[in-house]
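S.K.: Input: one structure, supplied below.
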Amino acid sequence: MSRSKKRRPIKPKIIFFVEGDTEKAFFVSLAQHYRLTATKVIHILNCSGTDWVDKAISMMKNNPKCRPSNNTHFYIIFDRDNLSQQQIQTMQAKVKRLKNKGIKCNIGISNQNFEVWLLAHFKLVTSHSMNSAQLHQELSKCLGQPYKKADPVQIEQILSNDKVHNAIANSKSITPFVYNRQSTDIGTVMTNILL
206 MSRSKKRRPI KPKIIFFVEG DTEKAFFVSL AQHYRLTATK VIHILNCSGT DWVDKAISMM
266 KNNPKCRPSN NTHFYIIFDR DNLSQQQIQT MQAKVKRLKN KGIKCNIGIS NQNFEVWLLA
326 HFKLVTSHSM NSAQLHQELS KCLGQPYKKA DPVQIEQILS NDKVHNAIAN SKSITPFVYN
386 RQSTDIGTVM TNILL
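According to this note's numbering, the stretch in the sequence shown is residues 206 to 400, in order.
What follows is the structure, encoded as structure tokens:
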């Protein structure tokens with residue numbers, strides 16, 4: 206009598222479409238740190254326009270490695286920057302339509318920028334808005350050296366000791382994304398992936 210082989214559950218394929226260099230560095234390091242072997246990080250900043258969802262949809266259609274499947278999860282990560290509330294709502298509606306078609310897709314938005322999420326790895330963040338200079342100053346204190354955007358060594362330091370779980374807890378009060386105050390959806394994205 207032969208033994209039946211246990212089938213391992215297939216890990217989902219995760220594709221991050223990211224706007225900036227810091228986001229790219231973070232998600233590449235995250236995939237390595239947590240051995241998310243079926244993960245791809247695609248930088249979409251170099252395209253024209255500001256509709257990140259349209260850019261991601263275009264890549265899903267035109268790049269065979271980014272085609273939707275039952276086992277593929279897409280995350281579109283960007284900062285609020287100078288986007289209007291209407292632009293963001295339009296992108297959110299497009300993602301909802303993708304979900305209605307059975308495509309597993311979510312948005313992760315940070316207001317004002319991704320450094321809000323990085324700071325949450327070290328301390329509680331609140332809805333009190335900090336500009337980029339203030340966020341960089343706080344990150345520099347936490348890192349014990351001047352913060353440099355997209356620095357892979359600093360990203361590794363931020364991710365060390367499973368601080369992502371701290372960041373999820375430290376950003377709960379500013380989740381979900383809200384247009385007119387400091388907030389981030391990245392904790393929700395991390396919860397979907399890691400928990």
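Just so you know, even glycine gets a beta-carbon here, dropped at the ideal spot from N, CA and C. Remember, it's a predicted structure, so these values are computed and weren't measured experimentally.
Label residue 240 either buried or exposed according to how many other C-beta atoms from any shown protein chain fall within 10 Å of its C-beta, with 16 as the threshold for buried.
M.R.: Burial call: exposed.
S.K.: Can you tell me whether residue 358 is buried or exposed? The criterion is at least 16 other CB atoms within 10 Å of its CB, across all chains shown.
M.R.: Counting Cβ neighbours within 10 Å, residue 358 comes out exposed, since fewer than 16 surround it.
S.K.: Which one of 394, 352, 257 has the shortest CA to CA distance from residue 372?
M.R.: The residue with the shortest Cα to Cα distance from residue 372 is 394.
S.K.: When you compare only the Cα positions, how much space is there between residue 274 and residue 316?
M.R.: One C-alpha to the other measures close to 31 Å.
S.K.: Could you tell me the alpha carbon to alpha carbon distance between residue 263 and residue 238, rounded to whole angstroms?
M.R.: Looking at the two C-alpha atoms, the distance is approximately 29 Å.
S.K.: Quick one: residues in its chain with C-beta nearer than 6 Å to the C-beta of residue 392, no 5 flanking neighbours on either side, listed in chain order?
M.R.: If we look at residue 392 and ignore the five residues flanking it on each side, its Cβ neighbours are 373, 376, 380.
S.K.: Can you round the beta-carbon distance between residue 283 and residue 314 to whole angstroms, since I take them to be within the 8 Å contact cut?
M.R.: Rounded, the Cβ-Cβ distance is 6 Å, consistent with contact.
S.K.: Report all residues from its chain with a CB closer than 7 Å to the CB of residue 354; omit the five preceding and five following residues, and keep chain order.
M.R.: Taken in chain order, the residues that qualify are 226, 227.
S.K.: What does the alpha-carbon distance come out to for the pair residue 255 and residue 350?
M.R.: Going by the C-alpha atoms only, they are around 33 Å apart.
S.K.: Can you check which of these residues, 276, 362, 383, is closest to residue 331 by C-alpha distance?
M.R.: When only C-alpha atoms are compared, the closest one is 383.
S.K.: Using 8 Å for Cβ pairs, my map puts residue 340 next to residue 361. What's the rounded Cβ distance?
M.R.: Not quite, the Cβ-Cβ distance comes to about 19 Å (not below 8 Å), so this is no contact.
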